[in-house]
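Participant: Using the working numbering, the first residue of the sequence shown is number 12, and each one after it goes up by one.
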Amino acid sequence: KPTPLPSQRKTSQSFTIAQVASHNTKNDAWLIYKNQVLDVTKWIGHHPGGEQTLLRFAGMDATDELRSFHDDWVLESKLPHFVIGTVSDAPET
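(1) Could you check which residue in Q24, P102, Y44 has the C-alpha nearest to that of D83?
(2) Name the two residues that bound the continuous alpha helix (DSSP H) containing A32.
(3) CB-CB under 8 angstroms to K12, same chain, minus the five flanking residues each way: which ones, in chain order?
(4) Measuring CA to CA, which of N46, K89, N35 is closest to E103?
(5) Which value, in whole angstroms, describes the spacing of the CA atoms of R20 and H92?
(6) In the DSSP assignment, the alpha helix (DSSP H) including D83 goes from what residue to what residue?
(7) Which partner residues does L65 have in the DSSP bridge list?
(8) Report the rounded CA-to-CA distance for A32 versus D72, giving the unit in angstroms.
(9) Under the assumption that E62 contacts F68 (Cβ atoms under 8 angstroms), give the Cβ distance between them as a whole number of angstroms.
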């Protein structure tokens, strides 16, 4: 059976903010965007803004930064491919 593409993965998995925070290295980098957990590990070496841009926010909620530096079309078309789940203990907004 073929491995599903990231965009086809089920996102029913949930993670705590502390779990996401532990994924903060070049070889294991997760971000939070709008309470969704994104695994950006494989994208680090390809990010047009450079590796350090992503690594600075690895393990953190990068919602504001992503909105500030990316057009809506990028956020809507690219980010879903990296979603691996949701944040279970996100603060109320």
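Here a beta-carbon is modelled for each residue, glycine too, at the ideal position from N, C-alpha and C.
From a predicted model like this one, the values you see are computed outputs, not experimental measurements.
Facilitator: Looking at the atomic coordinates:
(1) Here residue 83 refers to the residue found at position 72 of the sequence shown. Comparing Cα positions, the closest option is Y44.
(2) Taking the sequence shown and counting its residues from 1, one reaches residue 32 at position 21. First-last of the alpha helix (DSSP H) with A32: 28-32.
(3) Stepping through the sequence shown from its first residue, residue 12 is reached at position 1. For K12, the predicted model reports a pLDDT of 45, less than 50, meaning its position is unreliable; a value from the coordinates is still stated below. Excluding residues within five positions, none has a Cβ falling inside 8 angstroms.
(4) If you number the sequence shown from 1, residue 103 lands on position 92. With distances taken between Cα atoms, E103 lies closest to N46.
(5) Residue 20 sits at position 9 when you count from the first residue of the sequence shown. Residue 92 sits at position 81 when you count from the first residue of the sequence shown. Caution is warranted here: a pLDDT of 49 is assigned to R20, below 50, making its placement in the model unreliable, and no coordinate value can be reported.
(6) Position 72 of the sequence shown, counted from the start, is the residue given in the question as residue 83. Annotation for D83: the continuous alpha helix (DSSP H) segment containing it runs 83-88.
(7) The residue given as residue 65 occupies position 54 in the sequence shown. Within the DSSP bridge table, the entry for L65 names no partner.
(8) Here residue 32 refers to the residue found at position 21 when the sequence shown is read from its first residue. Here residue 72 refers to the residue found at position 61 when the sequence shown is read from its first residue. Going by the C-alpha atoms only, they are around 9 angstroms apart.
(9) For the purposes of this step, residue 62 is taken as residue 51 along the sequence shown, with counting starting at 1. For the purposes of this step, residue 68 is taken as residue 57 along the sequence shown, with counting starting at 1. Going by Cβ atoms, the distance from E62 to F68 rounds to 12 angstroms, so no, they are not a contact pair.
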